[in-house]
Amino acid sequence: MRSGPSVNARVGFRLRRRVGHGKTKRVNDEPLMAYVALGANLGAAAGTLREAADSIAGWSSAKLFGSSLWRTAPIDCPPGSPPFLNAALGLQPTPGTTPESLLDALLALEARLGRTRSGLANAPRAIDLDLIAFG
28 MRSGPSVNAR VGFRLRRRVG HGKTKRVNDE PLMAYVALGA NLGAAAGTLR
78 EAADSIAGWS SAKLFGSSLW RTAPIDCPPG SPPFLNAALG LQPTPGTTPE
128 SLLDALLALE ARLGRTRSGL ANAPRAIDLD LIAFG
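Here the sequence shown stands for residues 28 to 162, numbered as in this note's numbering.
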């Protein structure tokens, strides 16, 4: 068996403690971080991703952290689907933001940028914004 720090110590989980019925309070004062994956494979994908990043920047209390743009092959997508452009952003949500409110804002931004949902799994899309971590 390997010795060393526990999994929690390695990944730095932020602990919360219960404060009364149905309420939680953060144990530390570190800023919250949220991470969003961005993708698009229809239209002017690079421009759409930039526009999404500009909007998301307005929801951050600090400068965004951003990855490079990556062109990736469509996997498990309908035949003939174009390649995707993908990126990821890290932000410090403004005070009062919850995972649910950030997800709602991302869904509204997708709609504003032309996302339509066909019901077909992994269909080509003008924009895809996924909240991948919050805490």
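Positions of the beta carbon are idealized from the N, C-alpha and C atoms, including for glycine.
Note that this is a predicted model, so its numbers are computed, not measured.
Apart from the 5 residues on each side of it in sequence, Thr99 sits with its Cβ closer than 6 Å to the Cβ of Phe111 and Asn113 in its chain, given in chain order. Fewer than three beta-carbon pairs drawn from the stretch 73–82 and the stretch 117–128 are found closer than 8 Å, and the two stretches are therefore not classed as touching. In this structure Asp155 is buried. Its beta-carbon is surrounded by 16 or more other beta-carbon atoms within 10 angstroms. Shown here for Ala153: same chain residues with a beta carbon closer than 7 Å to its own, the five before and five after excluded, namely Ala67, Leu69, Gly70, Thr75, Leu140, Gly141 and Arg142 in chain order. Within the same chain, Leu147, Asn149, Ala150 and Pro151 come within 8 Å of Pro105 by CB-CB distance, once the 5 residues on both sides are set aside.
For the set Gly107, Pro109 and Trp97, the Cα lying nearest the Cα of Ala64 is the one of Trp97.
For Leu112, the enclosing beta strand (DSSP E) covers residues Phe111 to Leu118.
In the three-state scheme derived from DSSP, where H, G and I count as helix and E and B as strand, Thr99 is classed as strand. Counting only the Cα atoms, Pro58 lies some 43 Å from Gly107. C-alpha of Ala72 to C-alpha of Ala84: approximately 18 Å in a straight line. Per DSSP, reduced to three states, the secondary structure at Ile154 is coil, with no helix or strand assignment.
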